[in-house]
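Residue numbers (the UniProt record's numbering): 1 to 264.
Where a beta carbon is used, it is the ideal one built from N, C-alpha and C, also for glycine.
Following: one structure in structure tokens, then a few remarks.
Listed below in structure tokens is the structure:
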């Protein structure tokens with residue numbers, strides 16, 4: 001049945017009305033999504049550019065990696081670790097808390113005498129971004145004074161407890177004369193899974209490359225047992241193992257957003 005002219009006109013008006021509504025909705029959605037994308041990109045850019053980063057790894061063509069040990073608890077295997085390192089003729093970095101330094105002064109001296117880096121791991125192993133600037137300085141200076149008294153060594157490397165940091169912490173550490181150091185290869189030795197898991201985690205880590213910094217713990221249960229295989233495996237891959245002080249750039253560098261230290 002055909003519509004009359006009087007019936008078609010209202011239908012056309014309704015169609016035009018809904019078409020206009022759909023166009024308006026589509027336009028509003030486009031503007032919203034455009035603004036959302038722009039604002040999100042701006043937020044990411046500000047966050048990336050404004051955040052101070054510690055050194056996770058070093059951008060280098062040289063086949064070098066650094067082994068590091070956090071010393072915050074336990075001491076049963078420290079001498080074993082030192083003996084293994086001596087056997088393979090390599091030097092590493094030990095990051096020590098003030099409590100550990102105070103409890104094991106002879107081991108601090110032995111680490112220094114063996115030619116290894118002495119690094120600051122804070123006095124009380126707190127979440128330091130939660131501290132005031134003055135408290136941050138106290139946490140760093142206390143360890144520095146103890147180590148300097150024992151070894152006549154002025155430390156310049158700092159690893160935040162738990163890997164926890166913010167801009168203020170890195171800035172205060174810098175003011176105190178420290179390079180803030182993280183890691184890009186975690187051995188997971190602290191999980192006490194066993195020797196082979198430690199070895200496999202390090203040697204097959206997706207981030208392992210020239211300039212990597214490897215995290216281990218002198219107080220973990222299986223670290224000393226796994227260490228020879230870790231060293232041999234790294235050397236078989238062609239890496240020279242060095243202390244962090246021999247790996248990082250001391251000046252004329254910048255940090256990439258992924259935590260890589262790049263020479264200018």
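Requested in this report: Assign residue 246 to one of two classes, buried (16 or more other C-beta atoms within 10 Å of its C-beta) or exposed (fewer than that).
Outcome: exposed
Query raised in the report: When burial is assigned at 16 or more other CB atoms within 10 Å of the CB, is residue 121 buried or exposed?
Result: buried
**Report entry** Buried or exposed (CB count within 10 angstroms, at least 16 for buried), residue 152
**Finding:** exposed
Report task. Verify whether the separation of the beta carbon atoms of residue 202 and residue 225 is less than 8 Å. Result -> no
Query - Cβ-based neighbour list, residue 172, same chain, cut-off 7 Å, excluding 5 preceding and 5 following - result: 133, 136, 137
Report task. Tell me where the beta strand (DSSP E) around residue 249 begins and ends. Result -> That residue, residue 249, is in no beta strand (DSSP E); it is neither H nor E in DSSP.
Query - Buried versus exposed call for residue 254 [16 or more other C-beta atoms within 10 Å across all chains shown] - result: exposed
**Report entry** Supposed contact pair residue 64 and residue 163 - C-beta distance, whole angstroms, cut 8 Å
**Finding:** About 22 Å; that fails the 8 Å criterion.
Query raised in the report: How about residue 264 and residue 57: do their beta carbons lie closer than 8 Å?
Result: It is not a contact, given that the beta carbons lie outside the stated cut-off.
Query raised in the report: If residue 242 and residue 59 are in contact, beta carbons under 8 Å, what's the gap, nearest whole angstrom?
Result: Rounded, the Cβ-Cβ distance is 15 Å, inconsistent with contact.
Requested in this report: Please report how far the alpha carbon of residue 161 lies from the alpha carbon of residue 102, in whole angstroms.
Outcome: 17 Å
Query - Bridge partners - residue 117, DSSP secondary structure assignment - result: Beta-bridge partners assigned by DSSP to residue 117: 93.
Query raised in the report: Going by other Cβ atoms of all chains shown within 10 Å of its Cβ, with 16 needed for buried, is residue 139 buried or exposed?
Result: It counts as buried.
Query raised in the report: Using the beta-carbon count (16 or more within 10 Å), is residue 187 buried or exposed?
Result: buried
Report task. Determine, using beta carbons only, whether residue 119 and residue 93 come nearer to each other than 8 Å. Result -> yes
Report task. Kindly indicate which residue of 178, 72, 233, 86 has the alpha-carbon position closest to the one of residue 244. Result -> 178
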